[in-house]
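Heads up: the structure comes next, in structure tokens.
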Ligand SMILES: Cc1cc2nc3c(=O)[nH]c(=O)nc-3n(C[C@H](O)[C@H](O)[C@H](O)COP(=O)(O)O)c2cc1C
């Protein structure tokens, strides 16, 4: 599917075929695309929890104010991030380049995040947002639909997935075979309301 068609056709779908199962290789493929998303310093701070087990999806749905798409999706991806990934062998993020420029990058990366919890959190949300959009467009291209979600009890979901104490949850994306189209678009703001040339 053409990229622009995927962007145009991606919608937040709420009705999925509960009996449809994605194969393991399709799920792996989707995540292989997800990790091609850009991250600052190539920090790759996202962590993905994939849920296909029906009982766990049902529990997640309960924790999402009963939103049915969570239960009916073939796959629910909980996008998390490691707030301390800047301090966990950051040389890994530049494994393919020579040592000298790698050390410069690693030092700069450490300076950007050390002792800066707001930066760590901002980076978590930026990275997961990028990955979520990649997942949604890749899924569309693979013949699936998605629903991005923040309407759930973050603490309870964190407990349920054994979220490490230095990680946070950004959002979830439900993925599945659509049984009903999304409602018509809510209404996009005109560009004149949201685009400013050179400055506000
Ligand atoms: C961060 C985020 C959280 C969202 N949370 C929910 C949610 O909990 N439940 C839901 O049904 N839709 C959720 N949505 C979907 C939005 O309502 C939807 O993206 C918006 O209305 C635009 O519609 P579209 O995605 O079909 O273009 C969320 C979207 C985003 C980006």
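Numbering (this note's numbering), first residue to last: 305 to 504.
The C-beta atom is built at its ideal place from N, Cα and C for all residues, glycine as well.
Every value quoted in this text rests on a predicted model; they were computed, and no experiment measured them.
Within the same chain, 417 come within 6 Å of residue 423 by CB-CB distance, once the 5 residues on both sides are set aside. Listed in chain order, the beta strand (DSSP E) runs fully inside the stretch 376-405 are 379-386, counting runs of at least 3 residues.
For residue 428, the enclosing alpha helix (DSSP H) has its first and last residue at 421-445. With a threshold of 16 other beta carbon atoms within 10 Å, residue 317 meets it and is buried. Ligand 1 has a heavy atom closer than 7 Å to the beta-carbon of residue 453. Beta-bridge partners of residue 504 (DSSP): none assigned.
Looking at the DSSP output, residue 452 bridges to 477.
DSSP, read as helix, strand or coil, puts residue 368 in coil. Secondary-structure assignment with DSSP links residue 337 through no beta bridge to anything. The stretch 468-480 makes contact with the stretch 364-380: 3 or more CB pairs, one atom from each, lie closer than 8 Å.
Placement of the Cβ of residue 480 at a distance of 7 Å or more from every heavy atom of ligand 1 is found. Here the alpha carbons of residue 411 and residue 486 stand approximately 47 Å from one another.
Between residue 372 and the set 407, 320, 442 and 307, the nearest pair of CA atoms involves 320. The closest heavy atom of ligand 1 lies less than 7 Å from the beta carbon of residue 490.
Bridge pairing for residue 472: 385 [DSSP].
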